[in-house]
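K.L.:
In the numbering used here, the protein residues as written are 290 to 452.
Have a look at the structure that comes next, please.
Here is the structure:
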């Protein structure tokens, strides 16, 4: 099995990320709109306070992406949120776990983050399993949280506290 390489995203990754997030199987479970323009990813990858973009690569192919956003409000600077996606071509190969391990390492050992939060659709069982594996717990449910294919989808609000 090929090695999963986790690294910070670079400007040269913008087009690969745009194509990745344009795939229906990727944006289906995310709060992303289909057909993202190239400029969106070029702007997202520009340095911004508190934002870290990680990519997972297998054999030099983009396999997954995780964006970590540290809260900029001084009263919530100990909190981060994130979004993550894994290409369906690389499911069940440990990509999500590798991204989660590196994100938690950043939060626990480098960024002084005590709480990591996320929102996930209630019917996204694979994502829920990964988040639970890394100590995330459901704290609430958002009814009719977001539209997907013209229908409202409920979500869970989850969090992990530093141990």
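Yeah, the Cβ is synthetic: ideal placement off N, Cα and C, and Gly gets one too.
What is the residue span of the alpha helix (DSSP H) that residue 393 lies within?
P.N.:
Counting along the chain, the alpha helix (DSSP H) containing residue 393 begins and ends at 384-398.
K.L.:
Does residue 305 get closer than 8 Å to chain C when you measure Cβ to Cβ?
P.N.:
Absent from the structure is chain C; it holds one protein chain and no more.
K.L.:
Could you tell me whether the stretch 427-445 touches the stretch 389-405, using the rule of 3 or more Cβ pairs below 8 Å?
P.N.:
no
K.L.:
I'd like the span of the beta strand (DSSP E) that includes residue 350, first residue to last.
P.N.:
350-359
K.L.:
So, for residue 325: in the same chain, excluding its five sequence neighbours on each side, which residues have a beta-carbon less than 7 Å away from its beta-carbon?
P.N.:
Non-local C-beta neighbours of residue 325 in its own chain, meaning closer than 7 Å and more than five positions away in sequence, comprise 307, 310, 311, ordered along the chain.
K.L.:
Locate the beta strand (DSSP E) running through residue 451, then write down its first and last residues.
P.N.:
Counting along the chain, residue 451 falls outside any beta strand (DSSP E), and DSSP gives it neither H nor E.
K.L.:
Take the Cβ of residue 409 as the centre, count every other Cβ of all protein chains shown within 10 Å, and call the residue buried at 16 or more, exposed below.
P.N.:
buried
K.L.:
Could you check the C-alpha separation between residue 339 and residue 356 for me, to the nearest Å?
P.N.:
10 Å
K.L.:
Compute the beta-carbon to beta-carbon distance between residue 298 and residue 342, rounded to the nearest angstrom, for a pair I have assumed lies under 8 Å.
P.N.:
4 Å
K.L.:
Counting along the chain, where does the alpha helix (DSSP H) carrying residue 416 start and finish?
P.N.:
414-422
K.L.:
Touching or not, the stretch 419-431 and the stretch 379-393, by the rule of three or more beta carbon pairs under 8 Å?
P.N.:
yes
K.L.:
Keeping to the same chain, check which residues put their C-beta closer than 8 Å to that of residue 404; ignore five residues upstream and five downstream.
P.N.:
367, 368, 369, 448, 449, 450, 451
K.L.:
Under a three-way DSSP split, which group does residue 329 fall into?
P.N.:
helix
K.L.:
Round the Cβ separation of residue 372 and residue 293 to the nearest angstrom and send it over; I've been treating them as touching at under 8 Å.
P.N.:
In fact, because the Cβ distance is near 19 Å, the residues do not count as touching under 8 Å.
K.L.:
Of the choices 417, 407, 414, whose alpha-carbon is the least far from that of residue 320?
P.N.:
407
K.L.:
Are the CB atoms of residue 377 and residue 314 within a distance shorter than 8 Å?
P.N.:
Taking 8 Å as the Cβ cut-off, residue 314 and residue 377 qualify as a contacting pair.
K.L.:
Under 8 Å Cβ to Cβ from residue 322, same chain only, skipping five residues before and after it: list those, please.
P.N.:
316
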